[in-house]
């Protein structure tokens with residue numbers, strides 16, 4: 229959090245005026261990622277709606293590869309995340325899916341999209357081989373954002389802190 233504060237140009241403890249702890253910040257960051265994903269069209273058929281949703285999810289995960297493993301694991305989802313989940317489930321329920329089948333379909337689609345995003349991220353920019361272990365890039369996919377490297381996460385963290393300020 230100290231380095232994040234530095235990157236944001238504030239005192240080390242200033243982010244704690246807006247978030248309770250690192251988990252609160254991560255929850256807010258995931259909510260920001262969900263805010264970048266268009267909701268499925270309510271007037272489209274379920275297949276069209278799910279297809280129209282898949283591309284923006286993939287694009288958001290390409291912009292924020294650290295989020296892939298966290299999207300569905302947060303225990304306190306934010307309002308945008310909840311709105312997104314409700315819209316997807318409503319689309320499937322309106323098409324006649326039972327609650328159980330809608331949930332399974334949602335998990336199946338997200339597993340496919342997230343899995344594709346992980347593969348895409350791993351194959352997008354191959355690193356030059358290195359003989360020294362410290363020189364090899366660490367795999368960050370599916371884990372929390374590395375808050376020790378705030379240059380990657382500062383724009384999303386800044387948006388979380390600005391939202392909480394209001």
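In my numbering, the protein residues as written are 229 to 394.
In this text, a Cβ means the ideal position worked out from N, Cα and C, and glycines have one as well.
When burial is assigned at 16 or more other CB atoms within 10 Å of the CB, is residue i buried or exposed?
i: residue 265; result: buried
i: residue 241; result: exposed
i: residue 281; result: buried
i: residue 270; result: exposed
i: residue 288; result: buried
i: residue 320; result: buried
i: residue 310; result: exposed
Alpha carbon to alpha carbon, how far is residue i from residue j?
i: residue 337; j: residue 232; result: 34 Å
i: residue 261; j: residue 352; result: 20 Å
i: residue 327; j: residue 290; result: 30 Å
i: residue 263; j: residue 306; result: 10 Å
i: residue 390; j: residue 329; result: 38 Å
i: residue 387; j: residue 234; result: 16 Å
i: residue 238; j: residue 313; result: 34 Å
i: residue 251; j: residue 230; result: 15 Å
i: residue 318; j: residue 243; result: 36 Å
i: residue 325; j: residue 335; result: 14 Å
i: residue 347; j: residue 236; result: 31 Å
How about residue i and residue j: are their beta carbons less than 8 Å apart?
i: residue 255; j: residue 331; result: no
i: residue 286; j: residue 258; result: no
i: residue 349; j: residue 293; result: yes
i: residue 273; j: residue 323; result: yes
i: residue 267; j: residue 315; result: yes
Please find out if some non-hydrogen atom of the ligand NAP comes closer than 7 Å to the beta-carbon of residue i.
i: residue 313; result: Absence of the ligand NAP is noted for the structure shown, with no ligands found whatsoever.
Does residue i get closer than 8 Å to chain C when you measure Cβ to Cβ?
i: residue 239; result: Among the protein chains of the structure shown there is no chain C, as only one such chain exists.
> Taking three-plus beta-carbon pairs below 8 Å as touching, is the region 283-301 in contact with the region 330-349?
Replying inline: In this structure the region 283-301 touches the region 330-349; the number of beta carbon pairs closer than 8 Å is three or more.
> Can you list, in chain order, the stretches of the alpha helix (DSSP H) that have 4 or more residues and sit fully within the region 270-358?
Replying inline: 274-291, 307-322 and 327-352
>> With three or more beta-carbon pairs closer than 8 Å as the criterion, would you say the region 261-277 touches the region 238-249?
In response: No, because fewer than three Cβ pairs between the region 261-277 and the region 238-249 fall closer than 8 Å, the two stretches do not touch.
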